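I have placed the structure first, in the form of structure tokens, so that the comments after it can refer back to it.
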Amino acid sequence: MGEDGDLEPLSPTTQYFSTSALSVCIIVAFEMDRRFQEDSEVIELVDKLLLPINPRFSSVKVRDVNGLQQWKKVDVKIEDHVISPSFSNPMSIDASQRHIRDYISNLRMNPFSQSRPLWEVHNIKYPTADCDGTLVLKLDHSLGDGFSLMGALFSRLRRADHPSLPLTFPHSKNKRPPQHSHLFSTTFYTARDFLSSLIKTNFVQDEISPIRSATPTSASQISTFTLPLHKIHKIKTSIGGTVNDVIVGIISYGTRLYMEKMSSIGGRQHDSKPQQLNVTALVLLNTRAIKTYQTLTIDEVTNDPNKNNSGWGNHFGFLQIPIPSVERELVSTTPLDLVFKIKEILTTKRNSLAVYLTGWLLDMLRRIKGPEAAGRYIAKTIRNTSFGISNLIGPLEKMEIGGHPVNAFYFSVVGTPHSLGFSVVSYMEKLTVAVCTEKKLIDSEMLVSCLDIAFRQIFEQAT
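For the sequence shown, our numbering assigns the number -18 to the initial residue and increments by one for each residue that follows.
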């Protein structure tokens, strides 16, 4: 164990994710062109690739003499963190795929040991129709958010075609707000959004519906589907928005279709028609001043104590997005109109400073009542909405991990008090959407089918 002088305080947001109210993990699955046959390869890879990223991968959380949680450096026994599951053998590709899906979905059921650093690597040596093996990272959210964790990892990976070259990423354009950018509009949107956020978190919750249960269970299922990025860009051009606007629009329309479908077959018990139910999405927003991995990995993600690590950790806020109903709230009933409406809502939310006021409120709660109170407030904010959406930008080129090319990858945020969550990442020319659904409530295959229908209808109308 390290000395007391090695203690490093948890950041305020990390303290929220270290409470009894929140136990959230990030699952990242890399579908490999060629599996890691020996665990010794993975152990060596972790030693050279993962541990040097940041001291938190070699630290545990302890309490100091004042009862405050701190990071403490420890010696890491890597083999305790590398796990290779064994399935029944031999089995068909379809059976292997089902086993792998269930195995990854159930990872959240096994809590981390608090005596070791809060991460695991799972080396799944079984093929599917799309890959020869799967390498899975399970990371506690207190280590950092997806932007810092994946940004740091990407900085150490290389292109499969030219390993001497670093990965490159789509440019993240900082869109200049249009006519709403002046002080009066910003003040108005900030006051409106902050007040509505307070009301939503403290007094108003979405109704029980086919996508939201009263008490979400820990049993969940992770499914994935892919969308061609060039078609997403065509929709983006049609609405004059961003890729994120399109993603939220497709997911919103797809979930509305699913709710109507399940109601029509009598699959769920609720009194209201699906178009009459309030549905709110919680969209994660990166609150850093820096928006690109290149800037983060060069200047911010470092284990050098002499440099500023402000980019590392958890730096995000929530945008509460009311999802309009095509039948109830829009004059026109086309799916593309719903996407355009979503784009308008997101634009005004981005032009608001309410997310920073909420951050200030959480900090005040932490200072006055402690991290547990702030953690409960965040959990209630999540619980009162219907689903969450988080997204990341992935590399433009095919990447390799330890000389093994990666065919595809996805991530999923698990452990939140939601019955439904979406995690979206771009890689090469595709967007992969991971859908985390509550078992026994949501038919994941039906939901993915509705999302595919939503995408096709929106694309057809955009072109």
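Quick reminder that beta carbons are idealized off the backbone N, C-alpha and C, glycines included. In this text the structure is predicted, and so the values were computed from the model without any measurement.
Item	Value
For Leu258, the nearest candidate out of Pro191, Val406, Ile370, Ile64 (CA to CA)	Pro191
Collapsed DSSP secondary structure at Ala259 in the structure displayed	Correcting the residue identity first, residue 259 is Asn in this sequence and not Ala. Three-state DSSP puts Asn259 in coil, outside helix and strand.
Beta-carbon contacts of Gln438 that lie in its chain and below 6 Å, excluding the five residues immediately before and after	Pro316
CB contact below 9 Å: Phe175 versus chain D	Of the chains in the structure shown, none is chain D; there is only one protein chain.
Same chain only: Cβ atoms within 7 Å of Ala443, ignoring 5 sequence neighbours per side	Lys215, Ile216, Ser219, Leu317
Closest residue to Val394 among Gly127, Asp28, Phe165 (Cα-Cα distance)	Gly127
Uninterrupted alpha helix (DSSP H) stretches inside the segment 149 to 225 (no shorter than 4 residues)	164 to 183, 210 to 220
Terminal residues of the beta strand (DSSP E) in which Thr115 lies	114 to 121
First and last residue of the uninterrupted alpha helix (DSSP H) at Val23	20 to 26
Cβ-based neighbour list, Glu101, same chain, cut-off 7 Å, excluding 5 preceding and 5 following	His62, Ile64, Lys119
Entirely enclosed beta strand (DSSP E) segments - the segment 381 to 413, minimum 3 residues	385 to 395, 401 to 408
Local Cβ density within 10 Å of Ile231, reported as buried at 16 or more and exposed below that	buried
Simplified DSSP state of His143, which is helix, strand or coil	coil
Asn70 to Asn87 span [Cα, whole Å]	20 Å
Contacting residues, own chain, Cβ-Cβ under 8 Å from Leu(-12) (five flanking each side not counted)	Val43, Asp45, Gln51, Trp52, Lys53
Anticipated Cβ contact below 8 Å, Ser371 with Ser404, distance rounded	5 Å
Environment of Pro144 [buried if 16+ CB atoms lie within 10 Å]	exposed
Cβ-based burial, Tyr(-3) [other Cβ within 10 Å; buried from 16]	buried
Three-state class that DSSP yields for Cys431 in the structure shown	helix
Test item: CB-CB of Val336 and Gly298 under 9 Å	yes
Supposed close pair Val320, Val227 - CB separation, criterion 8 Å	6 Å
Three-state secondary structure assigned by DSSP to Ala2	coil
Coarse secondary structure for His103, derived from DSSP in three states	strand
Three or more C-beta pairs below 8 Å linking the segment 338 to 346 and the segment 170 to 180	yes
Under 9 Å between C-beta atoms of Phe165 and Ser333	no
Through-space distance from Tyr84 to Asn91, alpha-carbon basis	11 Å
Beta-carbon separation (whole angstroms), Ile74 vs Ile105, contact threshold 8 Å	Contact flag wrong, Cβ pair sits at about 14 Å.
Sequence-distant residues of its chain with Cβ nearer than 6 Å to Arg137 (five each side left out)	Leu30
Sub-9 Å separation of Ser39 and Val23 beta-carbons	no
Simplified DSSP assignment, three categories, for Lys53	strand
Buried versus exposed, by CB contacts within 10 Å (16 or more), Arg364	buried
Assumed close pair Asn267, Thr(-5) - CB separation to whole angstroms, cut-off 8 Å	Incorrect: roughly 16 Å between the Cβ atoms, too far for contact.
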